[in-house]
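Asker:
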Amino acid sequence: MPEDMERLSHVVSDPFVVSAREDLIHHGANPEFVHLVLRGMACRYKILPDGGRAIVALMLPGDICDLNIAILGHMDHSIGTLTDCEIVRIPRSTIEDLLDNYPRIRRALFWATLVDEAILRQWLVNMGRRRADHQMAHLFCELHMRLQAVGQLHDSFMPLTQEELGDILGISSVHAQRVVSSLRHSGLINVQASRVSVMDFDALSTFAGFEEDYLHLGDTGPARSPPGAADAT
Amino acid sequence: MTLFFFDINDGGHAIHDDTGTELLNRDEARKAALAVLAPIARDNLPDNLGRPVTVTVRDGTKRPIFRASLVFSEGWID
């Protein structure tokens, strides 16, 4: 819808650049802004009592980092960049305006929140119930699909170090290195300077038991009206 | 921080680490080596049970400085 697009292009009109490995928001903060990633990769993470880091979500171009704060107030986790990022800061009041006055944008934000939750569910299953090599292969399949969906699969390389992979998968850095080596040895992925590319997506997804339905990439369209109901769009 | 290399032989195939991992000191490298044995052995279940999982740590000059192994012992008793 033109008025939605116009409103959104205004919202994203003033991006700024953040270097890799910088915090956007700290745990406990009560920020007045919501962050949207336009370029690069950011993550949602928690710091463990022993100082380790657990990465619990990856935000790619188009992803909103912290819609939580528009409703929940203070942050119960931190958000940081993994690569150099282009970020847009959206004031809380703008989010409230979008939610109150733009029903299709509200629906899209709700959709994004539900998909975030679906991804988190999948990560939970993978972390608890899958072998580390299947889990890592599954992650690469997911990132491949998500980057492709937003037209950002440059050379199909994903910038993740073994330490970051370990923090995402809940395994040690040394274990992550070993799993990367074995996936590379099997010809499923290629690695160059801490950047991973998928060599054979079909083989990798078969190996991982990857099913993309949880990403809901195909069902971003308008509401499906129940039979007999008025057109909800 | 110092670079350490972890070569892992899980009985199936050996992986020569040419990337390395930054760690505080030798003791941290030992802990990292010990911590990786059980997860790798678990990943291999139920194959390769008879063969040990071995990790060899090399320091920044690629000289081996530590080695640890984990082997499952199993057998029917009736």
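Protein chains in written order, with the numbering used here: chain A, 29 to 261; chain B, 1406 to 1483. Cβ coordinates follow ideal geometry from the N, Cα and C atoms, glycine included. Computed from a predicted model, the values in this text were never measured in an experiment.
Report buried or exposed for A:D128, applying the criterion of at least 16 other Cβ atoms within 10 angstroms of its Cβ.
Answerer: Classification of A:D128: exposed, given that the 10 Å Cβ count is below 16.
Asker: Is A:R158 near A:F44, with beta carbons less than 9 Å apart?
Answerer: Taking 9 Å as the Cβ cut-off, A:R158 and A:F44 do not qualify as a contacting pair.
Asker: If A:I92 sits next to A:L66, beta carbons under 8 Å apart, how far is it from one beta carbon to the other, in whole angstroms?
Answerer: Going by Cβ atoms, the distance from A:I92 to A:L66 rounds to 11 Å, so no, they are not a contact pair.
Asker: Out of A:D230, A:T141, A:H162, which one is the CA nearest neighbour of A:Y242?
Answerer: Taking only the C-alpha atoms, the option nearest A:Y242 is A:T141.
Asker: So A:A57 packs on A:H102, CB below 8 Å; how close in whole Å?
Answerer: With 8 Å as the limit, A:A57 and A:H102 qualify as a contact, their Cβ atoms being about 7 Å apart.
Asker: Would the stretch 117 to 126 of chain A count as touching the stretch 170 to 179 of chain A if we require 3 or more Cβ pairs under 8 Å?
Answerer: Taking 8 Å as the limit for Cβ pairs, the verdict is that the stretch 170 to 179 of chain A does not touch the stretch 117 to 126 of chain A.
Asker: In chain A, which residues lie less than 9 Å from B:V1476 when you measure between Cβ atoms?
Answerer: Ordered by position in chain A, no residue passes the 9 Å Cβ test against B:V1476, which lies about 18 Å from the chain.
Asker: Assign A:H203 to one of two classes, buried (16 or more other C-beta atoms within 10 Å of its C-beta) or exposed (fewer than that).
Answerer: Buried, because 16 or more other Cβ atoms sit within 10 Å of the Cβ of A:H203.
Asker: Please report the distance separating the alpha-carbon of A:Q190 from that of A:F138.
Answerer: Roughly 33 Å separates the two Cα atoms.
Asker: So, is A:G80 buried or exposed, given that buried needs 16 or more other C-beta atoms within 10 angstroms?
Answerer: Classification for A:G80: exposed.
Asker: Between the alpha carbons of A:G68 and B:F1471, how many angstroms are there, rounded?
Answerer: Between A:G68 and B:F1471, the C-alpha separation is close to 39 Å.
Asker: Between which two residues does the alpha helix (DSSP H) carrying B:K1467 extend?
Answerer: Where B:K1467 is concerned, there is no enclosing alpha helix (DSSP H), given that its DSSP letter is neither H nor E.
Asker: Spatial neighbours of A:A146 within its chain, please: CB distance less than 6 Å, with the 5 preceding and 5 following residues excluded, ordered by chain position.
Answerer: Correct list, in chain order: Y242.
Asker: Please go through the same chain and pick out, in chain order, the residues whose beta-carbon is closer than 6 Å to the beta-carbon of A:L193, but skip the five residues on each side of it.
Answerer: Closer than 6 Å at the Cβ level, and outside the excluded window around A:L193, lie A204.
Asker: Can you give me the Cβ contacts of A:V84 inside the same chain, cut-off strictly under 6 Å, excluding the 5 residues immediately before and after it?
Answerer: Counting only Cβ-Cβ distances below 6 Å, and skipping sequence neighbours, we find R72.
Asker: Going straight from the alpha carbon of B:N1436 to that of B:F1411, what length do you get?
Answerer: Before going on, a small fix: residue 1436 of chain B reads as Lys here, not Asn. B:K1436 and B:F1411: Cα-Cα distance of roughly 12 Å.
Asker: Express the C-alpha separation of A:S222 and A:A160 in angstroms, rounding to a whole number.
Answerer: Straight-line Cα distance between these residues: approximately 18 Å.
Asker: Per DSSP, A:A82 forms a beta bridge with which residues?
Answerer: Looking at the DSSP assignment, A:A82 forms a beta bridge with A:K74.
Asker: Would B:V1458 and B:D1422 be called neighbours here (beta carbons separated by less than 9 Å)?
Answerer: No, they are not a contact pair.
Asker: Can you check whether the C-beta of B:D1448 is within less than 9 Å of a C-beta belonging to chain A?
Answerer: Closer than 9 Å to some Cβ of chain A, the Cβ of B:D1448 qualifies, so yes.
Asker: Assuming A:M82 and A:G198 make a contact with CB atoms under 8 Å, what is their CB distance in whole Å?
Answerer: As written in the sequence, residue 82 of chain A is Ala, which differs from the Met given in the question. The Cβ separation is near 7 Å, so the contact holds.
Asker: If the cut is a Cβ gap below 7 Å, which residues of chain A does B:A1419 touch?
Answerer: Here the premise fails: no neighbours, minimum Cβ distance about 10 Å.
Asker: Is there a C-beta anywhere in chain A that falls below 9 Å from the one on B:D1452?
Answerer: Output row for B:D1452: interface = no.
Asker: Looking at the C-beta of B:I1470, does it have a partner C-beta in chain A at a distance below 9 Å?
Answerer: By this cut-off, B:I1470 is not an interface position.
Asker: Taking 9 Å as the threshold (beta carbon to beta carbon), is B:P1457 in contact with chain A?
Answerer: With 9 Å as the cut-off, B:P1457 does not count as an interface residue toward chain A.
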